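Using the UniProt record's numbering, the first residue of the sequence shown is number 1, and each one after it goes up by one. Worksheet: the structure to be examined is printed underneath.
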Amino acid sequence: MVNTELTKAKRFEMGLRPEIKGIMAAQLYTTYAEALRRAQAISNGLGLEKKPMHGVESSEKRKWQGHNKEKYKDRNKKGRTESGPTKNFPTCPKCNKRHFGECL
Numbered sequence: 001m002v003n004t005e006l007t008k009a010k011r012f013e014m015g016l017r018p019e020i021k022g023i024m025a026a027q028l029y030t031t032y033a034e035a036l037r038r039a040q041a042i043s044n045g046l047g048l049e050k051k052p053m054h055g056v057e058s059s060e061k062r063k064w065q066g067h068n069k070e071k072y073k074d075r076n077k078k079g080r081t082e083s084g085p086t087k088n089f090p091t092c093p094k095c096n097k098r099h100f101g102e103c104l
């Protein structure tokens, strides 16, 4: 059980933000709960709030206008059509799929 808790704690630390991970590296945490409590305390102390690590804030993103909604709606209704190299394969009498050779 100790090994599992230690593994959980280490995996948790690996996923932390670099600024928190750097502070936590000074001490070994043997349980996930202990590592979590310490990371939360550090995060609160640094005044960090949840925000995306990469990309743009959601408030800065363009909103869906829906002007092409019908176009995509029709595309979904059509379903899959045969295209590419499989359209030239013979239909297997055993599985009703298009392929050459023995049916697997």
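Where is the CB? At the ideal position from N, CA and C, for every residue including glycine. Please read all numbers here as calculations on a predicted model, not as lab measurements.
Report yes or no: do the region 28 to 47 and the region 1 to 19 share at least 3 C-beta pairs separated by less than 8 Å?
-> Yes, they touch.
Contact check, residue 26 vs residue 9, beta carbons under 8 Å | Contact: no.
Which residue's Cα is closest to the Cα of residue 32: 89, 21, 64, 5?
-> Ranking 89, 21, 64, 5 by Cα distance to residue 32 puts 5 first.
Output the distance between the C-alpha atoms of residue 44 and residue 63, rounded to the nearest integer angstrom.
-> Straight-line measurement puts the Cα of residue 63 at about 32 Å from the Cα of residue 44.
Proximity winner among 20, 59, 30, 29, relative to residue 46 (alpha-carbon distances) | Between residue 46 and the set 20, 59, 30, 29, the nearest pair of CA atoms involves 20.
Could you check which residue in 98, 93, 94 has the C-alpha nearest to that of residue 120?
-> A query on residue 120 cannot be resolved here, the shown segment of the chain reaching from 1 to 104 and no further.
Sequence-distant residues of the same chain with beta carbon closer than 8 Å to residue 100, five excluded per side = For residue 100, where only same-chain residues beyond five positions count, the Cβ hits under 8 Å are 89, 90.
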